[in-house]
Structure formats: C-alpha cells, structure tokens
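Read in order, the letters of the sequence shown are residues 1 to 625 in full-length UniProt numbering. Quick reminder that beta carbons are idealized off the backbone N, C-alpha and C, glycines included.
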Amino acid sequence: MSLNFQNVFLKQTASSRPLPSKPSYNKILVCIKKKKKKISLDVLHQCCKEGLFHCDCSPLHLGFAADSAAFNQISLDYLAARGVTYLFPVQAKTFQPIYDGKDLIAQARTGTGKTFSFAIPLIEKLQSVTQDERRGRSPKVLVLVPTRELAIQVARDFKHLTKKLSVACFYGGTPYKAQFDLLKIGIDILVGTPGRINDHIQNSKLDLSNVKHVVLDEVDHMLDMGFAEQVEEILGFAYKKGSENNPQTLLFSATCPHWVYDVAKKYMKGEYEQIDLIGKKTQRTATTVEHLAIQCRSSQRAEVLGDIIQVYSGSRGRTIIFCETKKEANELALNSSLKQDAQSLHGDIPQKQREVTLKGFRNGVFEVLIATNVAARGLDIPEVDLVIQCSPPKDVDSYIHRSGRTGRAGRTGICICFYQRREEDLLKQVEQKAGITFKRIGVPSATDIIKASSNDAIPPFAIDYFRQSARELIAEKGAVDALAAALAHICGASSIQQRSFLNSTAGYVTMVLKCSIEMRSMSYAWRGLKEQLGEEIDDKISAMRFLKGKMGVCFDIPVNELNQIQERWQDTRRWQLAVAKELPELEEQPQEASRGPSRFGDGGFRRNGKFNGGSWGRRFNKSSV
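Right, here's the structure in full:
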C-alpha cells in the first residue's frame, strides 16, 4: 500500500537541531531526491513513530502530539492508560477546541478516526466534573448518526474509552422495552438514529433539556433533506433561539458542501472552529457510490433505460432518474420503451400529488421516480439502489447532490451518467471538480439482461401453481430445454436487442481486435482486417477506437454481419478477433477528435464507413490504408 507524497508533511522535532539520520528518514530522502510520488505506508508509520513527520492519513505518536501543545499531560496519561498511543491528525487538531467547549465543524477522510475525535475529549470533559449517578438522569451528550450500523459502532467506541459513564445506543428495528429500561436507570451519553430518538421524545420518554453536547456525525447526511426535518425537530428540544446556554455543537463528516455550513449556523454560536483535512482537490462525492458512464445518443436513451434498471437495480429495487427539464421528465415517464412503472416529480406538480407520488415510491407502488433537479432536493427516500442522470450537468454540485440520493445511510449505491460524444468535456469537468473517476461501460448485453431478469422474474410463492405444468414440459422437451424456454419467455428475450457497447446503438455488436504489438495508427488494423475480410469490410465497420495502450482496436458491426465475419476470420499470432462481452478499456481520444469518429485528420468516416472529407484525407484513397 502506498500514499501520495503530496499529502506528507516533514516535521521538525521540538528542538531546533537537524533531524537525525535514521534509516526510515533516509528512505524518505531517497524518495524526495528521486521525485517519487508514492512511498510505502510502512515507511510513513515508522517515521511517524520516530517523530520525524506526519501526514493526514498516518497516525501521530502521542509524545509527538504533546510537542504541538494540542494535549496536556493529563490527557496523554488518560489516553495511554487506555492503550491509545497514536492519534490521527483530525483527533489531534480537534481535541483542544472540543475540550474547551467550542462549537466545531470537522471534515476528514473516512477511516481517519473521526469518532475518537469527539469521543475522547467529550469523555474526559464529563469525567473531569463530579459524576451524576442519579437514577433516571437525562443524557449530557447526544450523538445523532444516520445509520443503525454506525450508531452501534460509535456507541462501542465510547464504551471502549470509559467504564464510568453510562452509554446507550437507540436505533430502529429493536424492542422499545430495553431502551425504556435504560432511560429509567439513567444515561450519560446517548447515541442513536433520528427516527428512534424522535419516537422516544414524542412518547415523552426522553428528556433533552439537560444535554450539554450535541454531535452530528456524517453531518452532510444529517442536515440533508432526508434527515433535516427530524433532526431539526429533535434539536428543538435542546436548543433555544438566541440563547448562549445552548449545547456545544460538533459536526463531523468526510464531505461538507457549502450548504452544510449555512444550515449549521442555526445551531452554532457566532465563532466556531472549522477544521478541514480534505481540501478542495480530493473526492467530494460519497465514497459509497460507484460512478459509471455510458455513451448513448439521446434518441436511444429511453429504450436503454429499462435494461439498465433491470440489470443494476432489479425488478424490486428503487431507481431515481434525473432529467434537466420538466418536459423531459413527463415524456420519459410516459414513454412505452421504459419497461418499469414510473412516475414523474417536478415543480409543476401540486404539493399534494407530489406527496402521494413520494409515498407511492417509498412504499414500492412503483419502482422508478423521474425527477428534475429542483424536486430532487426535497427527496427523503431510503434504500435507493440506483441513480441515473440523463446527461452530465454543467453544475458539478448538482451531480454530487443527485448522486448522493443513493449510497445513503451506510448502503452502497450506483450512479450512472449518460453522455453523448459532444458532452465528453462536461463529463471530464465533473471528474475533475468532484474528484471522481467514471468507469466507462457499455449498455447491458443480452446475456446480462437475461441473467438479471431470471434472478427475480418469478416470486417464490407462485412456483407451486406451475409445478404440474413443469413436469409435463420436462417430460415432453427435457429439463434443460424446458427451463431455457421458460426463462426466455419470462425475460422477454424475444424483444431484447443487441446494442453497441461503444454508443448504445441498437442492431450493432462491438468486436475487439487485439494485436500482439503496439499500433502506431489505425491503418494497421484496417490492413489486418482487409487481408482476411476483403475491401468490403470498410463499409461495415464503424466507431473504431484504440484499446488502452494501443494494443488493438474495437469497433461496431451490424448484427446481421456477425456470422459471416466470424466464418471468414482466422486468428493469427499477430491478430485475435472476438465479440466484446463488455466495454473494453479504451485509449483516451485527442481533443480534436471529439467531434466524431475519424480516420483522417479533420475529416473522417461516417457510421457507415463513408468518407466525410478533410484536407489530409482527400490526399488518400481507400486503397492506401
């Protein structure tokens, strides 16, 4: 495992003497001299132990932290006694402000110890005063988190750090009685999810009037539209408008968009600490979301959507499709090419109908919600498996916001972005500003669609009704043929179209021609193809692209030409031709080629292989390639 060297900061020791010559430090010097961008984490950790430097992903020794005066000796002794000898930078930077009672917003990568960042100082703060051991005492610390799993983890971390304080964890899906019993005994630190915490408040079982410290973990989720109403209602019982005696407010997350700071001002005092260990050039989207991109013409999009939803979300999953305009959302919802039940949601729809639509989507009455960007900002839909964006938005924040509709509450999710050839630059802009990398994929193949459909096509309870018919079919056709015919029927295999992986065009199949050596130009591939398939192949091939590393090409051919090509082609040691099973990794196209597929300079060949023109190309005829 390695780490980008730009995240590493050499650190002078407390004395002003030169750094000692230690083996691990010498390794760092070698990396610097050789201008290596990555170094081993083992080396980083060893240097950290020796007090030579630290980085935003590497543990910081407590003794070294003491040099920065972020910790007093009592704190160091307290942590060391509990086996905590190393701190991540976010823990070192937030300890003193939290212990001093300041409001704080902290942003740091996942896995860098944000829970200990607030747990350690809050525990020491509570234990520094006389303990309240009365039965039925209300909590002093309230920690709100978006998921049950995270609630369990945070509560467990608190319990590992203290034996004197009572720590409780409330979340949905568990019996109320056990939680009522804990409230009767008394709680010092309460960790929970908004839904269950709010239930206890509404039932007059939980009193938040004595809360002194409030933590919102994963604050971008907690203050987002999905949780905002519940969180605001909960905090209303602990905060009073304009009061200086409101609880200390601590907000933590790996992602903090600008709107988080605006919303946070409602609960935070005028002067608050802001700690950002991520910066602007790293990934801004949720790390639980996989980002995929599919090149597809707008005219083909509606027909492709149904197959994509079937493969990536299934027949029972929830999908949100984002459109740029209300008109587009309405038309797509009514398009017969979309196989799943769908309804649209946008600003022109009356509020009552919007509520009915959202309720139906939430309850599984229909599986696909088609929304505009404005309407999407008010969505509170759990367990969305798939988000589809019909085009890359010009506003990158919109992409981040839309993709955040999935991968929520601890779940993983997929966000697929359609783009056309001319929108390649917009896609790269999203990658650059959001700090993500799209995985370019093709539309699902016929095999993918059939496999996904057969996995969930028939509910288990319906099987009993067809057992006798199945026995008769097996006796007549044989088990394999009978099952294959049944699967083909229920999956609608007769209506599945073969599509290009390169641009989603129906009626085309993508082929991969691999070469044993690196190719300098596509003319080399054309010569290899024509040697076996003849000059007429020129009119059948379209959309040719280099494979990554220029060790071959891929291209589209009409489906009805596939058998003839396969019969005539023979693999050699230099060339191997096969049907693509997925979109291969492609060589990035030069900027000037972004206007369309081209074989010669500023001209090129249309999809049917005919020459479009171009000053360079006009000097050559087809026989020259």
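Where residue i falls: helix, strand or coil (DSSP)
{"i": "residue 508", "result": "strand"}
{"i": "residue 121", "result": "helix"}
{"i": "residue 628", "result": "Residue 628 lies beyond the residue range present for the chain, which begins at 1 and ends at 625; the question has no answer from this structure."}
{"i": "residue 273", "result": "strand"}
{"i": "residue 514", "result": "strand"}
{"i": "residue 24", "result": "With a pLDDT of only 46 at residue 24, under the threshold of 50, the placement of this residue in the model should not be trusted; the figure read from the coordinates follows. The answer is helix: DSSP assigns residue 24 an H, G or I state."}
{"i": "residue 129", "result": "coil"}
{"i": "residue 211", "result": "coil"}
{"i": "residue 115", "result": "helix"}
{"i": "residue 589", "result": "coil"}
{"i": "residue 349", "result": "coil"}
{"i": "residue 145", "result": "coil"}
{"i": "residue 106", "result": "strand"}
{"i": "residue 250", "result": "strand"}
{"i": "residue 426", "result": "helix"}
{"i": "residue 547", "result": "strand"}
{"i": "residue 333", "result": "helix"}
{"i": "residue 33", "result": "Because residue 33 sits at a pLDDT of 40, beneath the cut-off of 50, its placement in the model cannot be relied upon, and the following sentence gives the value as read from the coordinates. Reduced to three states, the DSSP call for residue 33 is helix."}
{"i": "residue 303", "result": "helix"}
{"i": "residue 584", "result": "coil"}
{"i": "residue 92", "result": "helix"}
{"i": "residue 519", "result": "coil"}
{"i": "residue 159", "result": "helix"}
{"i": "residue 363", "result": "coil"}
{"i": "residue 324", "result": "coil"}
{"i": "residue 358", "result": "helix"}
{"i": "residue 444", "result": "coil"}
{"i": "residue 154", "result": "helix"}
{"i": "residue 206", "result": "coil"}
{"i": "residue 267", "result": "coil"}
Beta-ladder partner(s) of residue i, from DSSP
{"i": "residue 386", "result": "319, 414"}
{"i": "residue 368", "result": "319, 342"}
{"i": "residue 290", "result": "414"}
{"i": "residue 542", "result": "556"}
{"i": "residue 167", "result": "189"}
{"i": "residue 295", "result": "419"}
{"i": "residue 499", "result": "506"}
{"i": "residue 216", "result": "144, 251"}
Element boundaries [beta strand (DSSP E), containing residue i]
{"i": "residue 439", "result": "439 to 441"}
{"i": "residue 646", "result": "Only positions 1 to 625 of the chain appear in the structure, and residue 646 is not among them; the question remains open."}
Residue range of the alpha helix (DSSP H) that includes residue i
{"i": "residue 222", "result": "219 to 222"}
{"i": "residue 262", "result": "258 to 264"}
{"i": "residue 180", "result": "176 to 185"}
{"i": "residue 402", "result": "396 to 403"}
{"i": "residue 477", "result": "467 to 477"}
{"i": "residue 392", "result": "No alpha helix (DSSP H) holds residue 392; DSSP gives it neither H nor E."}
{"i": "residue 562", "result": "562 to 568"}
{"i": "residue 530", "result": "523 to 533"}
{"i": "residue 436", "result": "Per DSSP, residue 436 belongs to no alpha helix (DSSP H) and is neither H nor E."}
{"i": "residue 537", "result": "Note, residue 537: premise wrong, no alpha helix (DSSP H); not H, not E."}
{"i": "residue 198", "result": "194 to 202"}
beta-carbon residue i near the ligand GTP non-hydrogen atom, thresh 7 Å
{"i": "residue 552", "result": "Absence of the ligand GTP from the depicted structure is noted, as is the absence of any ligand whatsoever, leaving it without description."}
Whole-number beta carbon distance between residue j and residue i, since they are thought to touch under 8 Å
{"i": "residue 390", "j": "residue 322", "result": "7 Å"}
{"i": "residue 104", "j": "residue 94", "result": "6 Å"}
{"i": "residue 386", "j": "residue 406", "result": "6 Å"}
{"i": "residue 179", "j": "residue 213", "result": "No, residue 179 and residue 213 are not in contact; Cβ-Cβ is about 21 Å, not under 8 Å."}
{"i": "residue 584", "j": "residue 512", "result": "6 Å"}
{"i": "residue 371", "j": "residue 329", "result": "7 Å"}
{"i": "residue 320", "j": "residue 384", "result": "6 Å"}
{"i": "residue 170", "j": "residue 252", "result": "About 19 Å; that fails the 8 Å criterion."}
{"i": "residue 347", "j": "residue 326", "result": "7 Å"}
{"i": "residue 256", "j": "residue 211", "result": "Rounded, the Cβ-Cβ distance is 23 Å, inconsistent with contact."}
{"i": "residue 292", "j": "residue 263", "result": "That belief does not hold up - the Cβ atoms of residue 292 and residue 263 are roughly 30 Å apart, past 8 Å."}
- [ ] Specify whether the segment 285 to 297 and the segment 429 to 436 touch according to this definition: at least 3 beta carbon pairs, one from each stretch, less than 8 Å apart.
- [x] By the Cβ test, the segment 285 to 297 is in contact with the segment 429 to 436, since at least three Cβ pairs between them sit closer than 8 Å.
TODO: Inspect the CB distances between the segment 153 to 163 and the segment 179 to 191 and report whether three or more fall short of 8 Å.
DONE: yes
Task: the segment 330 to 345 in contact with the segment 361 to 371 per 3-pair CB rule at 8 Å - done: yes
Open item on the list: Quick test of the definition: if touching needs 3 or more C-beta pairs under 8 Å, does the segment 544 to 555 touch the segment 475 to 483?
Closed with: The way I'd put it, the segment 544 to 555 doesn't touch the segment 475 to 483; fewer than three beta-carbon pairs between them come closer than 8 Å.
Task: Stretch-stretch touch, CB-based, cutoff 8 Å, three pairs: the segment 295 to 309 with the segment 116 to 135 - done: no
- [ ] Would you check if the segment 531 to 541 and the segment 554 to 562 touch, i.e. whether three or more CB-CB distances between them fall below 8 Å?
- [x] yes
Task: At least 3 beta-carbon pairs within less than 8 Å: the segment 563 to 572 vs the segment 501 to 510 - done: Short answer: they don't touch.
Open item on the list: Does the segment 214 to 222 come into contact with the segment 141 to 150, if we say contact requires no fewer than three beta-carbon pairs (one atom in each stretch) closer than 8 Å?
Closed with: yes
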